[in-house]
Amino acid sequence: MSKPIVEFHAPFSIASEKLKYSIVCSRYQNNWVFVRHHLRETWEMPAGHIEKGESALAAARRELYEETGATHFSLRTVFDYSYEWQGEIKSGRIFFASIQQLGKLPEHEIAEVKLFKVLPRDLTYPDIQNLIFERVKEFSNKI
1 MSKPIVEFHA
11 PFSIASEKLK
21 YSIVCSRYQN
31 NWVFVRHHLR
41 ETWEMPAGHI
51 EKGESALAAA
61 RRELYEETGA
71 THFSLRTVFD
81 YSYEWQGEIK
91 SGRIFFASIQ
101 QLGKLPEHEI
111 AEVKLFKVLP
121 RDLTYPDIQN
131 LIFERVKEFS
141 NKI
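The opening position of the sequence shown corresponds to residue 1 in UniProt numbering, with each subsequent residue numbered one higher.
Below is the structure:
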């Protein structure tokens with residue numbers, strides 16, 4: 001199975017209408033926040049599709065709440081990314097969230113929220129998430 005080709009771009013360099021995903025790398029109480037979808041046994045960053053008429057930032061806010069229960073947080077845009085896999089190019093925007101308060105997890109698609117000191121081993125999308133995590137970790141160390 002081939003690996004996706006991932007490229008990173010300056011924030012806001014990909015036109016909004018071409019963005020498909022918002023991914024939110026999050027920290028809470030000095031830990032990284034990862035979620036487990038109820039249909040999977042692996043971990044992923046809170047993320048999701050940008051809905052029609054929705055901005056990448058609005059999607060990031062919505063997904064962070066829906067997938068973690070976060071009620072108080074600050075968001076920063078880190079970078080845009082694109083990847084090519086099986087001949088198709090998709091793109092998204094990466095955000096960093098500093099979560100101040102987690103509320104009750106909404107009944108949705110997420111079965112579990114877990115805090116990690118380091119990147120978990122069992123990732124849903126390891127070829128992409130490893131790269132994104134390292135870049136966001138560098139960003140978070142500077143703020």
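No residue lacks a Cβ here, since even glycine has one placed at the ideal position from N, Cα and C.
- Annotated three-state conformation of T42 is coil, per DSSP.
- Per the coordinates, the alpha-carbon of E51 lies some 14 Å from the alpha-carbon of I23.
- With contacts defined as CB atoms closer than 8 Å, V6 and V113 fail to qualify as a contacting pair.
- Assignment of D122 by DSSP, reduced to helix, strand and coil, places it in the coil class.
- The three-state reading of DSSP puts Q29 in coil, since its state is none of H, G, I, E or B.
- The C-beta distance from F96 to H9 rounds to 16 Å, too long to meet the 8 Å contact threshold.
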